[in-house]
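Take a look at the structure set out below.
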Amino acid sequence: METDQCTLYYKSKTVNSALSRTEWIQLKEVLSFHDWKLVTLALPKSCHLSSHQITVSSSHICRLYDRFHALDKDDKGSLNRSDFQNISELAVNPLGDRIINAFFPDGMDLIDFNSFVRILARFRPVDQNPKKEPNAPEPINSRVNKLKFAFQLYDQDKDGKISKSELLQVLRMMVGVQVTEEQLESITDRTIQEADLDGDDAISFEEFKKSLDKVDIEHKMSIRFLR
Amino acid sequence: MYSVHEESPAVLTTDVFFLYLLPPIVLDAGYFMPTRLFFENCGTVLWFSVVGTLWNSIGIGISLFGICQIEAFGIQDINLQENLLFGTIISTVDPVAVLAVFEEININEQLYIVVFGESLYNDAITVALYSLFKYISQMDQVDSIDIFLGTADFFVVGFGGIMFGLLFGFVAAFTTRFTANTRELEPVFVFMYSYLAYLLAELFSLSSIMAIVTCALTMKYYVEENVSQRSCTTIRHFLKMWSSVSETLIFFFLGVTTVTSKHEWNWAYIGFTLIFCIVWRGLGVLVLAQIINNFRTIPFTFKDQFSMAYGGLRGAICFSLAFLLPDTFPRRNLFTTAAVAVIIFTVFIQGITIRPLIDYLNVRRTNRKLMTINVEIHSRAMEHTIAGIEDLCGQWSHYYWKDKFKKINDRFLRKVLIKDNRPQSSIVSLYKKLELQNALVLLDSNGGISGAPSLTSLQEQKPTKRETFLPEEVWSMQELLSKNMYKIRERTLTYTRHSLPNETRTKEILLRRHSTIRKSMRKAGTWQTPAAAKYYSLPPTVQNLQPRLRLRKYSLTGDDDGDDDIASEINFPPARPRLQLRAKEPRRALQPPRNKLETVNEVRTDSRRTPMVDYENRGGSAMSENSKGRGTGTKRALTPMRQFGLFNEQGLKNKEKEDQMEMEEFRQEALLAAISEKDANIALLELSSSKKKKTQDEVTSLKREKDRLVQQLKQQTQNRMKLMADNYEDDHLKSHSDQTNHKPSPDQIIPPLLDLNQNRSKLKLYIGHLTALCQDRDPKILQGIAPPTSYHHDDRAAWEEELQKMSLEQLEAELEKCEKESAELQEYANTVLQQIADHCPDILEQVVNALEESS
Chain C
1 METDQCTLYY KSKTVNSALS RTEWIQLKEV LSFHDWKLVT LALPKSCHLS SHQITVSSSH
61 ICRLYDRFHA LDKDDKGSLN RSDFQNISEL AVNPLGDRII NAFFPDGMDL IDFNSFVRIL
121 ARFRPVDQNP KKEPNAPEPI NSRVNKLKFA FQLYDQDKDG KISKSELLQV LRMMVGVQVT
181 EEQLESITDR TIQEADLDGD DAISFEEFKK SLDKVDIEHK MSIRFLR
Chain A
1 MYSVHEESPA VLTTDVFFLY LLPPIVLDAG YFMPTRLFFE NCGTVLWFSV VGTLWNSIGI
61 GISLFGICQI EAFGIQDINL QENLLFGTII STVDPVAVLA VFEEININEQ LYIVVFGESL
121 YNDAITVALY SLFKYISQMD QVDSIDIFLG TADFFVVGFG GIMFGLLFGF VAAFTTRFTA
181 NTRELEPVFV FMYSYLAYLL AELFSLSSIM AIVTCALTMK YYVEENVSQR SCTTIRHFLK
241 MWSSVSETLI FFFLGVTTVT SKHEWNWAYI GFTLIFCIVW RGLGVLVLAQ IINNFRTIPF
301 TFKDQFSMAY GGLRGAICFS LAFLLPDTFP RRNLFTTAAV AVIIFTVFIQ GITIRPLIDY
361 LNVRRTNRKL MTINVEIHSR AMEHTIAGIE DLCGQWSHYY WKDKFKKIND RFLRKVLIKD
421 NRPQSSIVSL YKKLELQNAL VLLDSNGGIS GAPSLTSLQE QKPTKRETFL PEEVWSMQEL
481 LSKNMYKIRE RTLTYTRHSL PNETRTKEIL LRRHSTIRKS MRKAGTWQTP AAAKYYSLPP
541 TVQNLQPRLR LRKYSLTGDD DGDDDIASEI NFPPARPRLQ LRAKEPRRAL QPPRNKLETV
601 NEVRTDSRRT PMVDYENRGG SAMSENSKGR GTGTKRALTP MRQFGLFNEQ GLKNKEKEDQ
661 MEMEEFRQEA LLAAISEKDA NIALLELSSS KKKKTQDEVT SLKREKDRLV QQLKQQTQNR
721 MKLMADNYED DHLKSHSDQT NHKPSPDQII PPLLDLNQNR SKLKLYIGHL TALCQDRDPK
781 ILQGIAPPTS YHHDDRAAWE EELQKMSLEQ LEAELEKCEK ESAELQEYAN TVLQQIADHC
841 PDILEQVVNA LEESS
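Sequence lines, in order, name chains C and A. All residue numbers for the first sequence refer to my numbering, where the first residue is 1 and numbers rise by one. All residue numbers for the second sequence refer to my numbering, where the first residue is 1 and numbers rise by one.
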């Protein structure tokens, strides 16, 4: 199933339309063929499969879709870097570049709606009481995945480690000009020392995870309105 | 005092206040209102200012009326209407005091704008309510129809004011379209039209405050594009000054009145007023925030609500309204006294304690002591990320109207209100652009704002020292971090009462990003010093190779080689600076003739020159003077070497080759620099946000130029690689031809063979890098091309051993084979490079880096 069809489908099923069971199954097929995660983003609570009538609140998907198209300046059906860079708020975000890069893995130049949503799906708040499904795969908005996103913002050379220079770069981006390079360096040293457990002068993902053990990542890395 | 006939100086009359003191304050607020922010939070602002003010006024009024019923306090004569009037007066939150406090406590911009908008609009609402209640309180009988009329009136007054404001805003904008010849009058138009809106609204008994605020809001956008930079500055500064003067005067009167006027002190009434003020505001914020949170993208936290409730300081307007009650009003003195008491309590007690309280809340919530530096840094990074993602998703629902307005604005309003050809006013934007660029240059030259640490600085770092940090040090680090890390969402210029908006932080980030972009683009540029030196004086391999080569040559031509070592010693270090000087010429030549940005490039070229000069100083003191006479640098640098008289033809040829190689290298470098330059400019233009057609044209032309440069770079890389190989090949060929004349001995063949082999292995290494890169990127690139067979076998040690045993013929055959293999390898590398250039030119730079590494 092509993206266009999918998005068309979201489009036609605008806010809070009620679907019959067969329709729901159709939709599910269409979507699951493509990517089931998309639906979990769109249908947080309202999809009660037990009832006969299913209300689909696809408003979030629709909104994201609208936003996607608003960002897509020349209607090419996908976004490139400069579309992202044109968001003025993002331009003045200290980590703006890194965030944009995170949307373009492996030298990709374009991102379609589907991947766009899939990346954003990481920032959904975690469900309070997740359904017990024994062999369900780890949800994309899990703590680990959220952490991974943060980690890859640091890890530019993708070697699975935050080296000293990588950390220093990020720090330099985030800290005002008043702080001198030496101060930053000693802070970096200290930071690495603090987190580094195996003594390789770099922070691996495990170490990263461990150092943020006490932090409420689920809360911090979630956007409320994507619920 | 003789001149004022010993009268009290505190003569604040209604006229003076409303006609002269109030307008500047609200005009200032309206003009400097952060528009985008305001409209994004428009609903919340209106909710708090309208409903909140009504809630407070009625709540306080009725509860005070309840207090008045208690006989013991002796204030039964105050009726309900009067209490409501007083409630209205006392519930006005003052923007001045509140914002001053809020600036102190670093709150987020959402909260800031809500409180700012609230205090601005409740001015308007209080004044409307005030006249309503004042009217009612003077009537003996109140019918329900009166209340209904009053409410209707309330809306008519508000919307009428807005209409007037819009009208005059547009008129002002339209007028400034034609003031190109009378720049001096531009500020006057702005002030006069706003004042006119204010007076006319007053005349029609509409809300004059709404009128002037709307007027300022409307015209600001257009006026600032129309007027000259100077007028713009004048307007801004004059507004700020004027409003400050007004405020100061009002507080003056407040002080004087506190001392001079007749007070009527009633413990019960004043005490209960204070309590009700705090209680009703607290309740109001709590309830209203709960309701509005359901509709907000970013809800108010408890801390926000606390700041809002506790930050409800009363100020000038409250005082003026109380003071301006008619003399005939019963209990006027009591009201004035109560108002003054509340103002003094809120401003002094609450104003002073709010900061420690907020700090306490902060500390309790985050408990910094327990936080490690890791947590601190990573949390902030994550906050930035989330903020970024939020911006990316767009905050819901505002965007529809924003887009609609933008469309209308672009299609109609701008056309009518803004000058068509704006040679002068575009100076504003150009000025901004240039300012940015100047800062960029500054950045490049001395790192006024240093970007991400350059590769060089990282390379120079000593191997990490494992020193332990004292707890105090860690603590101070945390302090430093928490103070200096950018707060999230601090990005728009917020309104401050007494200073013009400043954008330093935003600028800082933008500048840094540009410099990082440039640096990363110029990653190759950083090899200027270390990497290039690595190539030419490659300590372990090339350096002991070079004398050997020469040794052979000299022996062949029968020259005395006694001073050779000295020559090579002199040769190597200065080779850098001399050629670096030359490198600038191609770089300059590469600068395509261009528009206004050129000057900046020019300056930047200079700034880049600085480190080179440094290097030259280090390279050889004899050479340092030469750096000044740039044009003749090359020649003069050569003279000291000539003195040794060692340079026979071949030596010079060798020299030439080296020169050529370096030329190639620097041409490449220059190309890279030029490309990064282009990128920076493109980024700059794109980010300078003007969507004008001209800018976009500029961007496209820049992009085209960049593409051309990339093409050149590709060419250059190929050339250089070829040269690299040729260099050694030439040596070999020469010796080969020599060998036909003289009978060569195996000893003479082996060294060039070794060289060739070394060269070959270098090529292999290089190809390895290339293919690895391609595999990373897209395996398809390598489809259909296979490496030559020689690429795979590599057993150097054994080969060298064998070489020693070989006969002369075998050696010569080996030599030929090596040559052939080299050629094959080179051919292959070229093909790969071509493929890369065809499929994904963007990794060309990586290729260049790979080239560096392999050499």
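Quick reminder that beta carbons are idealized off the backbone N, C-alpha and C, glycines included.
Cβ atoms of residue j and residue i: under 8 angstroms apart, would you say?
{"i": "Ser243/A", "j": "Pro34/A", "result": "no"}
{"i": "Ala268/A", "j": "Ile67/A", "result": "yes"}
{"i": "Val213/A", "j": "Ala29/A", "result": "yes"}
{"i": "Ser228/A", "j": "Asn122/A", "result": "no"}
{"i": "Phe159/A", "j": "Thr176/A", "result": "no"}
{"i": "Met221/C", "j": "Ala150/C", "result": "yes"}
{"i": "Ile349/A", "j": "Thr92/A", "result": "no"}
{"i": "Gly61/A", "j": "Asn83/A", "result": "yes"}
{"i": "Leu71/C", "j": "Leu79/C", "result": "yes"}
{"i": "Phe116/C", "j": "Phe84/C", "result": "no"}
Between residue i and chain A, is there a C-beta pair that is closer than 8 angstroms?
{"i": "Ile99/C", "result": "yes"}
{"i": "Ile223/C", "result": "yes"}
{"i": "Met174/C", "result": "yes"}
{"i": "Val117/C", "result": "no"}
{"i": "Phe205/C", "result": "no"}
{"i": "Lys64/C", "result": "Per the sequence presented here, residue 64/C reads as Leu, with Lys not at that position. Interface residue, yes."}
{"i": "Asn228/C", "result": "Any answer about residue 228/C is impossible in this case: the structure gives chain C only from 1 up to 227."}
{"i": "Phe123/C", "result": "yes"}
Using 10 angstroms around the beta-carbon of residue i, count the other beta-carbons present and answer buried if the total reaches 16, otherwise exposed.
{"i": "Asn56/A", "result": "buried"}
{"i": "Ala339/A", "result": "buried"}
{"i": "Phe133/A", "result": "buried"}
{"i": "Phe208/C", "result": "buried"}
{"i": "Asn294/A", "result": "exposed"}
{"i": "Ile408/A", "result": "exposed"}
{"i": "Ile209/A", "result": "buried"}
{"i": "Trp280/A", "result": "buried"}
{"i": "Thr179/A", "result": "buried"}
{"i": "Asp75/C", "result": "exposed"}
{"i": "Phe252/A", "result": "exposed"}
{"i": "Trp265/A", "result": "exposed"}
{"i": "Phe405/A", "result": "exposed"}
Pick from the options: whose alpha carbon is nearest that of residue i?
{"i": "Phe329/A", "options": "Phe86/A, Leu203/A, Gly282/A and His378/A", "result": "Phe86/A"}
{"i": "Leu249/A", "options": "Thr126/A, Gln716/A and Leu12/A", "result": "Leu12/A"}
{"i": "Gly176/C", "options": "Ser207/A, Arg331/A and Leu480/A", "result": "Leu480/A"}
{"i": "Ser307/A", "options": "Leu754/A, Ile270/A, Ile354/A and Arg332/A", "result": "Ile354/A"}
{"i": "Ile418/A", "options": "Gly351/A, Leu361/A, Lys406/A and Tyr221/A", "result": "Tyr221/A"}
{"i": "Pro857/A", "options": "Tyr135/A, Ile343/A and Ala316/A", "result": "Because chain A here runs from 1 to 855, residue 857/A falls outside it and cannot be looked at."}
{"i": "Glu809/A", "options": "Ala72/A, Ile750/A, Val699/A and Leu756/A", "result": "Ile750/A"}
{"i": "Ala102/C", "options": "Lys146/C, Leu184/C and Lys164/C", "result": "Lys146/C"}
{"i": "Lys714/A", "options": "Arg296/A, Ile292/A, Ala772/A and Ile836/A", "result": "Ile836/A"}
{"i": "Val171/A", "options": "Gly315/A, Ile125/A and Ala216/A", "result": "Ala216/A"}
{"i": "Ile270/A", "options": "Thr717/A, Glu698/A, Phe73/A and Val416/A", "result": "Phe73/A"}
Of all the CB atoms in chain C, is at least one closer than 8 angstroms to the CB of residue i?
{"i": "Ser701/A", "result": "no"}
{"i": "Ile373/A", "result": "yes"}
{"i": "Arg368/A", "result": "The pLDDT assigned to Arg368/A is 47, lower than 50, so where the model puts this residue is not dependable, and the model offers no usable value."}
{"i": "Ser379/A", "result": "yes"}
{"i": "Cys818/A", "result": "no"}
At a cut-off of 7 angstroms, would you count residue i as near the ligand HEM, judging by its Cβ distance to the nearest heavy atom?
{"i": "Leu815/A", "result": "With respect to the ligand HEM, the structure offers nothing, as it holds no ligand at all."}
Pick out the complete alpha helix (DSSP H) segments inside the segment 30-102 of chain A, 4 residues or longer, and give them in chain order. 35-40, 42-46, 53-68 and 80-90
Within the segment 161-224 of chain C, note down every full alpha helix (DSSP H) run reaching 4 residues or more, in order along the chain. 164-174, 181-195, 205-211 and 217-220
Going along the chain, which unbroken runs of the beta strand (DSSP E) with 3 or more residues stay wholly within the segment 206-255 of chain A? none
Where in the segment 82-113 of chain C do unbroken runs of the beta strand (DSSP E), each at least 3 residues long, occur, reported from the N-terminal end onward? 110-112
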